[in-house]
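Data first, discussion second: the structure below is written as structure tokens.
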Amino acid sequence: MGLKVIYPGLEDHPDHNLSNSIFNKEYGYGGMLCLDMETEVKANKLMNGLQNLTRFGLMAVSLGYHETLMSCSGNSTSSELNEKEQTLAGISPGLVRMSIGYTGTLEQRWGQFQKAYLKFII
Numbered sequence: 007m008g009l010k011v012i013y014p015g016l017e018d019h020p021d022h023n024l025s026n027s028i029f030n031k032e033y034g035y036g037g038m039l040c041l042d043m044e045t046e047v048k049a050n051k052l053m054n055g056l057q058n059l060t061r062f063g064l065m066a067v068s069l070g071y072h073e074t075l076m077s078c079s080g081n082s083t084s085s086e087l088n089e090k091e092q093t094l095a096g097i098s099p100g101l102v103r104m105s106i107g108y109t110g111t112l113e114q115r116w117g118q119f120q121k122a123y124l125k126f127i128i
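To convert, take the position in the sequence shown, counting from 1, and add 6; that gives this note's numbering.
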């Protein structure tokens with residue numbers, strides 16, 4: 007889909023090798039990932055579609071819950087940082103953080119994501 011995905015399980019992640027050395031192989035790399043949607047407008051459109059169209063997850067500031075949660079970090083959890091500080095921290099205006107929950111299958115989640123992305127972003 008051409009999205010920039012930030013996830014320690016991907017070989018191009020800067021901390022992939024470190025992750026391999028500390029993560030429990032039986033559990034994988036975990037359910038936390040980021041998508042860089044580039045702009046806050048795109049990030050909010052995607053999250054709105056994921057929450058309201060496909061019921062993929064819920065928009066939230068805190069990502070600690072058993073359901074799938076997501077947030078646009080630049081205007082929520084990292085909003086106390088100015089633009090320069092966010093850039094230095096690798097937080098783009100459209101960075102969407104996701105905590106993938108326990109409900110549903112991978113195929114269901116992927117279908118929900120694709121539907122929202124194709125309707126609201128493309």
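We treat Cβ as the ideally placed atom computed from N, Cα and C, and that holds for glycine.
Since this is a predicted model, take the numbers as computed values, not measurements.
Quick one: give me the first and last residue of the beta strand (DSSP E) that M38 is part of. Locating residue 38 in the sequence shown gives position 32, counting from the first residue. That run of the beta strand (DSSP E) goes M38 to D42.
Give the DSSP-derived three-state secondary structure of I127 in the structure shown. Taking the sequence shown and counting its residues from 1, one reaches residue 127 at position 121. Coil at I127, not helix or strand.
Where Y123 and T83 are concerned, what is the direct C-alpha to C-alpha distance, given to the nearest angstrom? By 1-based counting over the sequence shown, the position of residue 123 is 117. By 1-based counting over the sequence shown, the position of residue 83 is 77. Their backbone Cα atoms lie some 23 Å apart in a straight line.
Taking the beta strand (DSSP E) that K10 falls in, what are its first and last residues? Here the question's residue 10 lines up with position 4 in the sequence shown. Under the DSSP assignment, K10 falls in the beta strand (DSSP E) whose first and last residues are K10 to I12.
Using the Cα positions of L39 and C78, report the straight-line distance between them to the nearest angstrom. For the purposes of this step, residue 39 is taken as residue 33 along the sequence shown, with counting starting at 1. For the purposes of this step, residue 78 is taken as residue 72 along the sequence shown, with counting starting at 1. Going from the Cα of L39 to the Cα of C78 covers about 12 Å.
In its own chain, which residues sit with a C-beta less than 7 Å from the C-beta of Y13, not counting the 5 before and 5 after it? Start at 1 with the first residue of the sequence shown, and residue 13 comes out as number 7. Excluding residues within five positions, the ones whose Cβ falls inside 7 Å are H19, Y35 and L39.
Once DSSP output is grouped into helix, strand and coil, what is the label at L59? The residue given as residue 59 occupies position 53 in the sequence shown. It is helical.
Closest to L64 by C-alpha separation, out of T111, T93 and V102, would be which residue? Taking the sequence shown and counting its residues from 1, one reaches residue 64 at position 58. Closest by alpha carbon: V102.
Given this structure, state the Cα-to-Cα distance separating S25 from V47, to the nearest angstrom. The count along the sequence shown starts at 1 and reaches residue 25 at position 19. The count along the sequence shown starts at 1 and reaches residue 47 at position 41. The alpha-carbon separation between S25 and V47 amounts to approximately 32 Å.
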